[in-house]
C-alpha cells in the first residue's frame with residue numbers, strides 16, 4: 257500500500273479540482289506518523305487554507321505533523337473516513353479492512369472513489385461521479401436495504417451502497433441530485449421505530465425557519481406512495497449559468513482535537529470560542545449560535561454536539577458558521593445533551609427552558625447583535641405554536657406527540673439558577 261495520498265480541492269474560480277498537497281505516512285523512521293504538506297505551487301498562488309486551526313497558513317510552514325502516531329490522520333481529514341455504517345460495509349466487502357489504521361483506510365477510500373487516487377476535499381460526496389441522479393435509482397437502492405441491517409445484506413446491495421455512504425454518522429445516507437436544478441440533497445435512512453423521522457425532519461426545518469435560524473432546507477418526496485425527506489446539501493450549489501460552487505467545511509470537533517483541556521464535558525462556551533477565533537463575522541455567527549442553542553433546548557435536540565456544527569469557507573479563508581442540519585427532537589428528557597448549555601445544564605429533566613436559562617446560556621455564547629429577552633420570547637412563541645405549523649404541513653398526530661413530549665417541561669425540572677458558570681475550556 258502506498259505511503260502518500262494526494263489531496264484535491266475544487267476551485268470555484270477555475271471550475272476544476274486543483275492539487276493542494278499530500279498526506280505522508282512514515283512507518284520507517286517513526287511509529288506510523290502522518291503529516292500533511294501543502295504544495296509549493298498551491299501556496300504560490302495564495303491557495304486557501306483547509307483548516308483554520310490545524311492547517312493554518314499563518315503558521316508559515318509547509319508541513320503539519322499529526323502528534324499522534326500509528327497512522328492517525330490530522331483532525332480535518334477524519335471527516336473523509338467511512339461513517340460507522342460505512343465502516344461496517346467496507347469491513348464486510350473488503351477482507352481485513354478493520355485491521356487497517358486510519359491512513360490506510362483513507363487510502364482505500366481514495367483509491368476506490370477518489371480522483372485517480374486523490375481524495376476530493378469539498379467533493380467528498382461526489383467521488384467517482386457516484387451521486388445518484390434519479391429518484392428511481394434511489395428507490396431501487398432503498399428497497400434493497402429497507403428494514404435490513406449490515407449482517408443481513410447481500411453483497412450486490414453492499415457494493416451499490418458503498419460509493420454513496422461517505423457522509424459521517426451511524427446511519428445510511430445517500431446523495432441525490434435533481435436533474436433540472438443540479439441541487440444536491442441528502443437522504444437519511446430513518447432508524448427510529450417510535451416515530452416518523454422524515455416528518456419530524458420536515459417539521460423541525462419549518463420551525464427553524466420560523467425562528468430565523470439558518471438551516472439546510474428539507475423537502476418531502478413521494479416514493480411509490482411513501483413520503484420521505486430530503487435535506488439540501490449546503491456544500492453544493494449550481495448556478496443557472498452552469499457554474500458549480502463547492503464549499504470547503506470543517507466540523508467544530510476538528511477545531512479542538514489537539515487540545516486536551518477541551519475534551520470531556522463540552523458546552524456552548526467551547527463552540528462560542530471557536531467562532532470568536534475563526535469566524536470572519538463572529539458577531540453574526542454568535543447570534544446565530546445563540547438562536548440554535550435556545551431551539552435545541554426547547555426541542556430537546558440532544559444530538560447538538562460539535563460534530564453537528566461546522567465552519568465553511570464561503571470565499572477565500574472566509575470562515576462562517578454553516579447552516580444547521582441533523583436536528584431532531586428527543587422525547588426522552590433523561591438523555592444528556594452532547595453540548596451542555598452550562599455547568600449542570602446537561603439533561604432537560606433537571607432544568608427549565610425559561611428566561612433564566614436564556615441568560616445563563618447568553619453568558620456562554622455572548623450574543624451581541626440581538627436582544628436575549630426578545631430572542632427567547634420569539635423562539636418560545638414559535639415552538640409553542642408548533643401544532644399550527646404541523647397541521648399546515650400535514651404532520652401526523654403521532655409525530656406531533658413526539659414534539660409535545662420533547663418540548664414539555666419535566667416535573668423534576670427546577671427553575672434555572674442564575675449562578676456564574678465559568679468555562680474552563682480554551683482552544684490553545
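Residue numbers (the numbering used here): 257 to 684.
Glycine residues also receive a C-beta, built at the ideal position from the N, C-alpha and C atoms.
Alpha helix (DSSP H) containing residue i: first to last residue?
i           : result
residue 552 : 538–555
residue 269 : Taken as a continuous stretch (DSSP letters only), residue 269 belongs to no alpha helix (DSSP H), as it is neither H nor E.
residue 301 : First-last for residue 301: undefined, no H or E at that position.
residue 526 : 524–534
For the beta strand (DSSP E) containing residue i, list its first residue and its last residue.
i           : result
residue 611 : Where residue 611 is concerned, there is no enclosing beta strand (DSSP E), although the alpha helix (DSSP H) it sits in stretches over 611–621.
residue 493 : 492–494
residue 634 : First-last for residue 634: 628–640, but that is the alpha helix (DSSP H), not the beta strand (DSSP E).
residue 577 : 575–577
residue 652 : No beta strand (DSSP E) holds residue 652; DSSP gives it neither H nor E.
residue 475 : 474–479
residue 488 : 482–488
residue 442 : 440–444
Within 10 Å of its beta-carbon, does residue i have 16 or more other beta-carbons around it, so buried, or fewer, so exposed?
i           : result
residue 647 : exposed
residue 361 : buried
residue 637 : exposed
residue 336 : buried
residue 305 : buried
residue 653 : exposed
residue 340 : exposed
residue 260 : exposed
residue 452 : buried
residue 483 : exposed
residue 650 : exposed
residue 471 : buried
residue 556 : buried
When the Cα atoms are used, what is the spatial distance from residue i to residue j?
i           : j           : result
residue 659 : residue 559 : 15 Å
residue 272 : residue 295 : 17 Å
residue 352 : residue 346 : 9 Å
residue 596 : residue 350 : 39 Å
residue 501 : residue 642 : 34 Å
residue 279 : residue 543 : 37 Å
residue 627 : residue 270 : 42 Å
residue 617 : residue 575 : 24 Å
residue 354 : residue 334 : 16 Å
residue 440 : residue 580 : 16 Å
residue 534 : residue 589 : 33 Å
residue 598 : residue 526 : 10 Å
residue 446 : residue 485 : 10 Å
residue 442 : residue 488 : 6 Å
residue 586 : residue 331 : 29 Å
residue 656 : residue 467 : 18 Å
residue 634 : residue 456 : 21 Å
residue 474 : residue 458 : 6 Å
residue 663 : residue 536 : 34 Å
So, helix, strand or coil for residue i, using DSSP?
i           : result
residue 572 : coil
residue 457 : helix
residue 274 : strand
residue 321 : strand
residue 584 : coil
residue 291 : strand
residue 500 : strand
residue 363 : helix
residue 644 : helix
residue 448 : coil
residue 597 : coil
residue 505 : strand
residue 296 : helix
residue 663 : helix
By Cβ distance, which residues of its chain are closer than 6 Å to residue i, with the 5 residues on each side in sequence left out?
i           : result
residue 540 : none
residue 645 : 462
residue 563 : 507, 509
residue 552 : 560
residue 591 : 558
residue 532 : 538
residue 522 : 595
residue 582 : 564
residue 493 : 501
Is residue i near the ligand COA - that is, is its Cβ less than 7 Å away from at least one heavy atom of it?
i           : result
residue 549 : The ligand COA is not part of this structure, which contains no ligands at all.
Apart from the five residues on each side of it in sequence, which residues of its chain come closer than 8 Å, Cβ to Cβ, to residue i?
i           : result
residue 357 : 288, 326, 327, 328
residue 299 : 313, 318
residue 603 : 589, 590, 591, 592, 593
residue 378 : Residue placement at residue 378 is flagged as unreliable, the pLDDT there being 45, under the threshold of 50; the coordinate-derived value follows with that caveat. Result list for residue 378: 265, 266, 491, 502, 503, 504, 505, in chain order.
residue 276 : 263, 264, 265, 294, 295, 298, 303, 306, 377
Within a Cβ cutoff of 7 Å, which residues of the same chain sit near residue i, ignoring the five residues on either side of it in sequence?
i           : result
residue 573 : 304, 305
residue 449 : none
residue 268 : 501, 502
residue 625 : 539, 540, 543
residue 286 : 325
residue 548 : 469, 580
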